[in-house]
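For reference, the structure discussed in these notes is given below.
Protein chains: 2
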Amino acid sequence: MPNTTTSSPAPATTGNGRRTQEERKAATRRALLDATIETMVELGYANTTTTEVTKRAGVSQGALFKHFPTKAALLGAAAEDLFPRLRAEYREAFEAVPETGDRVRAAVDLLWDIFQKPELQAAIELYVAARTDEELAAVLTEVDAPHRAELRAIAREFFPLAAERQGEAFDSVVDLVIDSIQGAALGSLAVPDAPRRERELTYLTALLRLALEGAADLTTGE
Amino acid sequence: MPNTTTSSPAPATTGNGRRTQEERKAATRRALLDATIETMVELGYANTTTTEVTKRAGVSQGALFKHFPTKAALLGAAAEDLFPRLRAEYREAFEAVPETGDRVRAAVDLLWDIFQKPELQAAIELYVAARTDEELAAVLTEVDAPHRAELRAIAREFFPLAAERQGEAFDSVVDLVIDSIQGAALGSLAVPDAPRRERELTYLTALLRLALEGAADLTTGE
DNA sequence: GAACTTAGAAAGTGACTTGTCACTTTCTAA
DNA sequence: TTAGAAAGTGACAAGTCACTTTCTAAGTTC
């Protein structure tokens with residue numbers, strides 16, 4: 001398979017076997033973050049230990065704590081690293097949707113598929129864990145705002161007409177749709193029920209269509 | 223030898239200080255389950271240890287493992303115990319809503335309040351943890367079906383007209399609304415954003431009103 | 001009230017947990 | 001070339017984990 005991705009080569013090594021300190025540092029950090037997310041995905045938050053992460057990263061215990069003073073710092077950094085990467089994927093996926101056809105349904109389905117990704121389920125675990133972990137909550141609070149903003153921006157680009165027509169209300173509808181799918185995804189983590197989800201997505205699509213095409217004064221007049 | 227008078231050798235049950243084995247057993251079991259839920263609420267799933275549970279229950283480690291062969295069994299039993307109790311609370315809350323006024327908005331608000339309860343947030347942690355814990359997932363699968371069924375039943379009683387008019391479609395709308403609120407609640411665990419939630423609930427109310435009062439053929443005709 | 005059963009307490013067990021520390025390797029700058 | 005800084009190693013400390021074993025006390029049965 002030809003690898004035609006746009007990721008620049010970014011020479012990890014400078015020709016010969018030598019690497020600058022900066023390169024060595026960055027490589028180890030990257031390995032640790034990737035291993036952290038991988039572990040979270042495979043074993044879940046509760047079973048993510050520093051030892052396991054170092055094993056997967058192929059790095060010593062000492063190296064981990066040289067880069068991150070505590071386990072919480074590692075998890076926070078992993079979250080900070082994960083979210084922008086997810087956003088890039090979202091954007092790509094939405095831009096790949098054809099101009100023609102049922103764009104509302106396509107958007108809902110795409111969003112659902114996104115929430116089925118293991119990395120996103122790992123992100124959900126982080127959110128849940130943050131309830132009882134202040135340090136993690138602080139990081140997520142920082143990370144969440146730009147994330148939400150970009151999701152809204154993607155939605156506006158995807159539905160430019162409705163976005164313009166509805167103004168700020170559009171954002172709230174987007175938020176609501178995202179949260180709906182998030183909630184459904186959460187439910188299906190433990191108890192997958194494909195037919196039920198399918199029905200839910202159908203109704204969500206129908207309601208979203210009403211919200212987008214229909215009354216801009218959805219909430220006025222009581 | 224001081225204290226000989228006050229610290230009597232515990233007169234071995236004055237009269238009906240006696241409890242049957244069944245009573246003793248049930249009391250310990252109850253204490254363990256309550257302590258488990260309490261710990262989950264306060265410390266989160268990841269920090270819920272058998273040691274902490276026994277401490278809170280005022281019981282020995284041995285006692286815990288006499289009642290529950292593994293930690294997972296304890297957590298499963300806690301979930302099994304929690305869900306019916308939650309349901310009873312739901313029913314009570316919905317029945318307390320006055321007949322007059324905006325019942326749609328009342329239902330949405332009530333559901334939101336319910337999802338703010340610590341016990342429910344503990345339940346969310348269980349669902350998330352179940353992704354990487356088969357034993358827990360099995361218990362939740364069993365527990366989830368009757369739970370969902372009763373939620374739908376409560377909704378049908380709350381909106382009898384719409385329920386009758388829409389038939390099976392009603393259930394899907396209910397599922398969707400519950401999942402929406404669940405998703406919003408999940409998001410606000412780590413990042414509370416009251417104004418955003420308020421807006422979301424407003425739109426959810428508006429859409430739900432459309433779904434309930436409006437077209438029964440919401441999903442037909444594409 | 002002796003024999004028996006069951007519930008629970010007390011005190012382990014070994015396998016992990018996060019985080020540290022003395023030390024080595026690798027790179028940088030003079 | 002070489003001193004020193006930065007990055008990485010891996011054994012280890014100190015404590016916690018889920019779970020067991022051993023024993024005692026409480027309740028039941030005859």
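So the protein lines, in turn, are chains A and B.
Each residue of the first sequence is one higher than the last, beginning at 1 in this note's numbering.
Each residue of the second sequence is one higher than the last, beginning at 223 in this note's numbering.
From the three backbone atoms N, C-alpha and C, an ideal C-beta is built for every residue, glycine too.
In whole angstroms, what separates the C-alpha of residue i from that of residue j?
i, j, result
"D256 (chain B)", "E52 (chain A)", "33 Å"
"A268 (chain B)", "L398 (chain B)", "29 Å"
"T141 (chain A)", "A385 (chain B)", "40 Å"
"T242 (chain B)", "A279 (chain B)", "20 Å"
"P69 (chain A)", "T50 (chain A)", "12 Å"
"R325 (chain B)", "A318 (chain B)", "12 Å"
"L201 (chain A)", "A412 (chain B)", "26 Å"
"I114 (chain A)", "T258 (chain B)", "34 Å"
"T427 (chain B)", "R327 (chain B)", "6 Å"
"D415 (chain B)", "R240 (chain B)", "53 Å"
"A329 (chain B)", "P320 (chain B)", "11 Å"
"V173 (chain A)", "L111 (chain A)", "14 Å"
"A179 (chain B)", "L210 (chain A)", "Outside the displayed range of chain B (223 to 444) lies residue 179 (chain B), so it cannot be described from this structure."
"L74 (chain A)", "L342 (chain B)", "28 Å"
"Y127 (chain A)", "A359 (chain B)", "20 Å"
"A253 (chain B)", "E260 (chain B)", "10 Å"
"S402 (chain B)", "K25 (chain A)", "43 Å"
"D331 (chain B)", "R251 (chain B)", "35 Å"
"G298 (chain B)", "I346 (chain B)", "13 Å"
"P340 (chain B)", "V263 (chain B)", "6 Å"
"L383 (chain B)", "R199 (chain A)", "21 Å"
"Q116 (chain A)", "F380 (chain B)", "33 Å"
"A78 (chain A)", "A344 (chain B)", "24 Å"
"T54 (chain A)", "L64 (chain A)", "7 Å"
"D81 (chain A)", "E213 (chain A)", "36 Å"
"L308 (chain B)", "E356 (chain B)", "24 Å"
"R418 (chain B)", "E244 (chain B)", "51 Å"
"R178 (chain A)", "H67 (chain A)", "According to the sequence provided, residue 178 (chain A) is Ile. The question's Arg does not apply to it. Cα-Cα distance, rounded: 34 Å."
"G266 (chain B)", "A129 (chain A)", "7 Å"
"R378 (chain B)", "V361 (chain B)", "27 Å"
"D393 (chain B)", "I376 (chain B)", "11 Å"
"T270 (chain B)", "T132 (chain A)", "11 Å"
"F83 (chain A)", "V143 (chain A)", "7 Å"
"Y425 (chain B)", "Y203 (chain A)", "15 Å"
Taking all protein chains shown into account, do 16 or more other C-beta atoms lie within 10 angstroms of the C-beta of residue i, making it buried, or fewer, making it exposed?
i, result
"A249 (chain B)", "exposed"
"G284 (chain B)", "exposed"
"G323 (chain B)", "exposed"
"P282 (chain B)", "Strictly speaking, residue 282 (chain B) in this sequence is Ser, with Pro absent from that position. By the neighbour-count rule (16 or more Cβ atoms within 10 Å), S282 (chain B) is not buried but exposed."
"L430 (chain B)", "buried"
"A145 (chain A)", "exposed"
"P224 (chain B)", "Low per-residue confidence applies at P224 (chain B): pLDDT is 35, beneath 50, and the placement is therefore not dependable, though the value from the model is reported in the following sentence. It counts as exposed."
Using the three-state DSSP reduction, which class does residue i fall into: helix, strand or coil?
i, result
"P84 (chain A)", "helix"
"R197 (chain B)", "Lying before the first or after the last residue shown, residue 197 (chain B) is absent from chain B, which here runs from 223 to 444."
"Q224 (chain A)", "Missing from the structure shown is residue 224 (chain A); chain A here goes from 1 to 222 and no further."
"S402 (chain B)", "helix"
"G266 (chain B)", "coil"
"L204 (chain A)", "helix"
"A72 (chain A)", "helix"
"V97 (chain A)", "coil"
"G58 (chain A)", "coil"
"D324 (chain B)", "coil"
"V365 (chain B)", "helix"
"P195 (chain A)", "helix"
"T250 (chain B)", "helix"
"F18 (chain A)", "Position check: residue 18 (chain A) holds Arg in this sequence, whereas Phe was assumed. In the structure shown, R18 (chain A) sits in coil (DSSP, three-state: anything other than H, G, I, E or B)."
"D393 (chain B)", "helix"
"F381 (chain B)", "coil"
"L210 (chain A)", "helix"
#### Entry: Cβ pair count under 8 Å reaching 3, the region 180-193 of chain A against the region 154-169 of chain A
no
### Query
Is it true that the region 145-164 of chain A meets the region 84-95 of chain A, where meeting means three or more beta-carbon pairs spaced less than 8 Å apart?
yes
### Query
Relative to chain A, which residues along the region 331-359 of chain B have a C-beta separation below 9 Å, given in chain order?
Q343, I346, E347, L348, Y349, V350, A351, A352, R353, T354, D355, L358, A359
### Within 7 Å of chain B by C-beta, residues of the region 153-179 of chain A in sequence order
S172, V173, D175, L176, D179
### Task
Could you list the residues in the region 33-62 of chain A with a C-beta less than 8 Å from some C-beta on chain B, going in chain order?
E42, L43, G44, Y45, A46, N47
### Query
Just by C-beta distance, which residues in the region 421-437 of chain B are closer than 7 Å to chain A?
Among the residues of the region 421-437 of chain B, those with a Cβ less than 7 Å away from any Cβ of chain A are R421, E422, T424, Y425, L426, A428, L429, L432, A433, in the order of the chain.
### Task
Pull out every residue of the region 404-423 of chain B whose Cβ sits closer than 7 Å to any Cβ of chain A, in chain order.
Q404, G405, A406, L408, G409, L411, A412, V413, R418, R421, E422
### Query
What residues in the region 290-307 of chain B have a beta carbon less than 9 Å from any beta carbon of chain A?
Going along the region 290-307 of chain B in chain order, one finds no residue with a Cβ nearer than 9 Å to chain A.
### Contact set between the region 358-373 of chain B and chain A, restricted to residues whose Cβ is under 7 Å from the partner
A359, L362, T363, D366
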